[in-house]
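Residue numbers (our numbering): 3 to 159. Each residue gets a CB set at the ideal place from its N, CA and C atoms; glycine is no exception. Report on one structure; see the data block that follows.
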C-alpha cells in the first residue's frame, strides 16, 4: 500500500501543471482579443478625431462665409438707409420750398384779388364803396393774422 500511496501523490502533482496550461491558454487568447479590440477602438477614435476635425473645418468655413455675407449685407443696407435719408431730406426741403412758394403765391393773389375787387366795386357801386372798404380792411386784418399764425406754426415745426 505504500506503493499505492506513493503513486497517488505523484499523480496529483502533474494535474496542477496541466490545469495551469489550460488556464494560460484562455488568458493568452483573451489578451490577443483585448489587443485586437484595443486596436479597433484606437482606429475608431482616430477616425472620429479626423471626422471631428473635418466637421470643425466645414463649420468654420460656413461661419466665415456667413459673416462675410452678413457684413456685405450690412454695408449694403447702411448705404441704402443713407440714400433714403438723403432723399427724404431733399423731399423735405422741396416740400418746404413749395409750401413757401404757395404761401407767397396766395399772399400775392389775395392782395391782387382784393385790389381788383376794390376797383370793380368802386366803379360799379360808388355808394357801397365805404362799406366794402371796411369789409376789405377787416378781411385783410383777418387774412394777415391767419398768415402770421401759419408762419408761427411753421417756425415751430
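query	result
Whole-angstrom distance between residue 30 and residue 2, CA atom to CA atom	Absent from the model: residue 2. The displayed extent of the chain is 3 to 159, so no value can be given.
Residue 66 beta carbon near the ligand PLP (any heavy atom closer than 7 Å)	Here there are no bound small molecules, and the ligand PLP is not part of this structure.
Sequence-distant residues of the same chain with beta carbon closer than 6 Å to residue 99, five excluded per side	none
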